[in-house]
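Report on the structure given below.
Protein chains in written order, with the numbering used here: chain A, 37 to 151; chain B, 173 to 287.
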C-alpha cells in the first residue's frame with residue numbers, strides 16, 4: 037500500500053520570501069505521479085503542480101517548483117516570492133501509473149503567509 | 173472555478189439519519205470520485221463511478237453508497253449517520269476511466285456535521 041507523509045503540520049513565511057514544504061512517500065511501484073494540491077479556505081482542492089516519476093527533470097509552474105528525489109522517495113514543494121494568496125492547506129498526493137489505486141493524500145501542511 | 177459543483181455546501185444531521193450529497197461533474201467528464209476529509213486530515217477515497225457503474229471502492233462500510241446518472245452527475249448517500257461521519261465530502265470529476273485522474277477537478281465540498 038502507498039503512504040504519503042507530510043511532517044510539517046504548520047508553516048509560516050514572510051511575504052516575498054521562499055518556503056519549502058516537505059513530503060515523503062512509500063511505494064513499491066516504479067511508475068507513478070506525484071501532486072501538490074492547494075486547499076484555500078474556500079475548500080476547493082486546486083492542483084498546483086504535477087510530477088511524473090519517470091521524468092528526472094523537476095516540474096515547475098511559475099513560482100512553484102518541486103525537488104523530486106526518487107531514490108529517497110521525497111517530493112518537496114518550493115514556493116518562491118510568497119504571496120498572501122498562497123495562504124492555504126497544501127496536500128501532497130500520489131497515484132500509481134497502473135491506475136489500479138486511487139489518489140492517496142498526505143495529512144497536509146497549513147501554510148500562512150505573513151505580510 | 174473548476175466547473176464541478178456540489179450541494180449543499182453545509183448540512184447538519186442527527187445521528188442515525190440518512191443524508192444525500194450531490195455533485196455535478198465538469199462538462200465532458202464521465203468519472204466521478206468521492207472523498208471524505210475529516211478535520212485535520214487529508215482526503216480519503218470513498219468510491220468512484222464511471223459511466224454509471226461503481227469502478228472502485230475505498231475502506232468505507234456499505235452504508236456509504238452512491239449513484240451516477242446518465243448526465244454523469246453523482247450522489248453520495250450515507251445511511252445510519254454516526255458522529256464520526258462529520259467531515260468535508262469532496263467530489264472530483266475527470267475524463268479517465270481508471271484511477272489515473274491526472275486531470276481530476278474538485279468541487280468545493282459539502283461540510284456535513286452529525287450531532
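Ideal placement from N, C-alpha and C gives every residue a C-beta, glycine not left out. All values reported here derive from a predicted model rather than from experimental measurement.
- 9 angstroms or more divides the Cβ of residue 51 of chain A from the Cβ of residue 113 of chain A.
- Contacts with chain B at 9 angstroms (Cβ-Cβ) do not include residue 58 of chain A.
- Residue 101 of chain A and residue 219 of chain B have their C-alpha atoms some 31 angstroms from each other.
- Around the beta-carbon of residue 74 of chain A, 16 or more other beta-carbon atoms lie within 10 Å, marking it buried.
- A Cβ-Cβ separation of about 16 angstroms leaves residue 190 of chain B out of contact with residue 259 of chain B under the 8 angstroms criterion.
- Within the segment 187-207 of chain B, those residues whose Cβ lies closer than 7 angstroms to any Cβ of chain A are, in chain order, 205.
- Runs of the alpha helix (DSSP H) spanning 4 or more residues and lying entirely within the segment 93-149 of chain A do not occur at all.
- Interface flag for residue 113 of chain A against chain B is unset, since no Cβ pair is found closer than 9 angstroms.
- Residue 261 of chain B and residue 71 of chain A have their C-alpha atoms roughly 20 angstroms apart.
- Contact check for residue 89 of chain A against residue 133 of chain A passes: the beta carbons are separated by less than 9 angstroms.
- Contact between the segment 232-249 of chain B and the segment 181-197 of chain B is present, with at least three C-beta pairs closer than 8 angstroms.
- The bridge partners DSSP lists for residue 264 of chain B are B:205 and B:278.
- The three-state secondary structure of residue 57 of chain A, taken from DSSP, is strand.
- Under the 8 angstroms Cβ criterion, the segment 122-132 of chain A does not count as touching the segment 174-182 of chain B, having fewer than three qualifying pairs.
- Annotation: Cβ neighbours of residue 144 of chain A in chain B (cutoff 7 angstroms, chain order): 214.
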